[in-house]
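Participant:
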Amino acid sequence: MSRWLTRLEVRLLIGFALVLAIVLGSVSVSTRLAVSAQVTRFQEQLEQVRTERIQGIIETNYTRSRSFRDVQQTLEEAGSFYNRRLVVFDSNGGVIADSHIDSRPPPDFGHEALFGRRIVVPIVGTEGVEVGSFSVELIDLPPFVAAEPRVSQVASAINSSLLWIGLAAGLAGIAVVTFLSRLTLAPLRGLAIAAARLGQGDLAQRVPVSSDDEIGRLSRTFNVMAAQLEQDEETRRNIVADVAHELRTPITNIQGYLEAMRDGVIDATEGSLGNVLGQVGSLTHLVDDLSVVAQTEAGVLRLSLELASVGDLVRDTVDAFQPRASAKGVGLASQIALDLPALHVDRKRIAQVLGILLDNAIIHTSGHGAVEAIAEQVESGVRIVVVDNGVGMEPSEVEHAFERFYRADPSRSRTTGGVGIGLTIAKQLVEAHGGRIWAESTSGKGSRFAFELPAQTASTIFDPDRE
């Protein structure tokens, strides 16, 4: 039972039924009171008109004969017609005529002369002199009934109609609310089913969006969340596959060298051991890259700040990549503006950022191409740009260039871009210094990667050791 009451549809229905009952009850009570007041008022007016007519009949009879000698017959006729007991008194209170003289003893003249069960009215003669009085009394109704039969029937009919109308309105309202609640809550039920399936691992779940209200916005939010979860799951699978591939190659090479040495196929010479150390270095480089990504995303990356010359940093990094560029036949040059300001930066990390951009540019530039590193002063600080005339990227690829494990080239070879976290690391390191990084590229014409470091870098970077 309690589970049944937890359903939103049932609670809406119960809430509406309570509101409807309160409204209909209030309308019914107020209408009954109003009808009762109107019936009473109508009865009073009717009795007053009746009494005035009887008074006119008696006074006319008295005026015609200047006495009450013929009033008995007139009184009997009027009493029978109006269904009232009419009694005429003289000026001394004596009974002169009674329309129902045999039914009961005549009333006392001193009975209350107010509207109610008995009304006492004066009789005025021709010269305006009071010559007597008469009383009007109900004779065929119980003492507690004050309304006319037809008036009572009208009031009863109205009350009965209100009851049936209220019941009909209540049933109709409940039916409408049930329909509307089902119609309104249907998307929520679909959303709940989709969420349950999503929780069970079906990340392809989506819900239709059929409105622009709160439920429609919730459905769109759910779809965005589901799409993001599906994308994250795909990224996770790619990460596992990419990392496994990157680890497998050097591990396989190391295993092959060690087995060959064990079997005596090759000797443990300086050259063979150097090859093994090279593979270990590849593993170390990959682990270091993954560690940097994890630290920056967790916000715990430590930066060793020092006042460094940006021009010297760019020049030294470019010189370090000259052998690699020359081996591929790519021209590598630098263009450094004069009087560049010194910045508080982690020299090793900024050199790593520039190295990632230069490495990326050299990889994607064919022989006889050119790569240039430019350092210039801007209003906010210093801008460093790496420009190449290589293969470039499509606009859709530029949008994802700095995402983790994204590569325009899906092959998993370090010679074509590695595991795909270099640009992610560059972005996170630049942002850790309070700067920004972006890319511009045209397919077939080359790319332009740039990042800016603010002049007040020291006050904006994250440094856990600084209070």
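Take 441 as the starting number for the sequence shown in the working numbering and just add one per residue. Don't be surprised by glycine CBs; every beta carbon is placed ideally from N, CA and C.
Does His808 pass the burial test, meaning 16 or more other C-beta atoms within 10 Å, or should it be called exposed?
Facilitator: exposed
Participant: Measure how close the beta-carbons of Val770 and Ala813 come, nearest whole angstrom, since I'm counting them as under 8 Å.
Facilitator: Val770 to Ala813, Cβ: 13 Å. No contact.
Participant: Would you check if there are 3 or more beta carbon pairs closer than 8 Å linking the region 831-846 to the region 702-719?
Facilitator: Using a C-beta cut-off of 8 Å, the region 831-846 makes no contact with the region 702-719, since fewer than three inter-stretch Cβ pairs fall below that distance.
Participant: Taking the alpha carbon of Gln818 as the point to measure from, which residue in Gly875, Ala626, Ala634 and Ala537 has its own alpha carbon closest?
Facilitator: Residue identity differs from the one stated: residue 818 is Val in this sequence, not Gln. Nearest option by C-alpha distance: Gly875.
Participant: If we ignore side chains and look at the alpha-carbon of each, how far apart do Leu741 and Gln735 end up?
Facilitator: 5 Å
Participant: Secondary structure at Leu753, three-state DSSP: helix, strand or coil?
Facilitator: helix
Participant: For His804, which beta-bridge partners are listed by DSSP?
Facilitator: Its beta-bridge partners do not exist; DSSP assigns none.
Participant: Can the beta-carbon of Leu753 be found less than 8 Å from the beta-carbon of Ile796?
Facilitator: no
Participant: With three or more C-beta pairs closer than 8 Å as the rule, is the region 480-490 touching the region 503-519?
Facilitator: Contact fails: fewer than three Cβ-Cβ distances are below 8 Å.
Participant: Short of 6 Å in beta carbon distance, which residues of its chain neighbour Gly838, apart from the five on each side in sequence? Order them along the chain.
Facilitator: Looking at the sequence shown, residue 838 is not Gly but Val. Cβ within range, chain order: Ala879 and Ser881.
Participant: Determine the DSSP secondary structure at Arg646, reduced to helix, strand or coil.
Facilitator: coil
Participant: Measuring alpha carbon to alpha carbon, tell me which residue in Gly821, Leu486, Ser505 and Phe761 is nearest Asn800.
Facilitator: Just measuring C-alpha positions, the residue of Gly821, Leu486, Ser505 and Phe761 sitting nearest Asn800 is Phe761.
Participant: Can you tell me whether Asn501 is buried or exposed, with buried defined as 16 or more other CB within 10 angstroms of its CB?
Facilitator: Flag for Asn501 reads buried.
Participant: For Lys788, is the classification buried or exposed, using 16 other Cβ atoms within 10 angstroms of its Cβ as the cut-off for buried?
Facilitator: Counting other Cβ atoms within 10 Å of its Cβ, Lys788 stays below 16 and is therefore classed as exposed.
Participant: Could you tell me which whole alpha helix (DSSP H) segments of length 4 or greater appear in the region 680-737?
Facilitator: none
Participant: Name the residue from Val826, Pro781, Gln792 and Ala815 whose alpha carbon lies nearest to the alpha carbon of Val802.
Facilitator: Here residue 802 turns out to be Ile, not Val, going by the sequence shown. Minimum Cα distance to Ile802 is reached at Val826.
Participant: Rounding to the nearest angstrom, what Cα-Cα distance links Leu669 and Ile877 in this structure?
Facilitator: The alpha-carbon atoms of Leu669 and Ile877 are separated by roughly 26 Å.
Participant: Nearest to Gly565 by CA position, among Ser601, Pro627, Val535 and Ile497, is which residue?
Facilitator: Ile497
Participant: So, Val870 versus Val793, is the Cβ gap smaller than 8 Å?
Facilitator: yes
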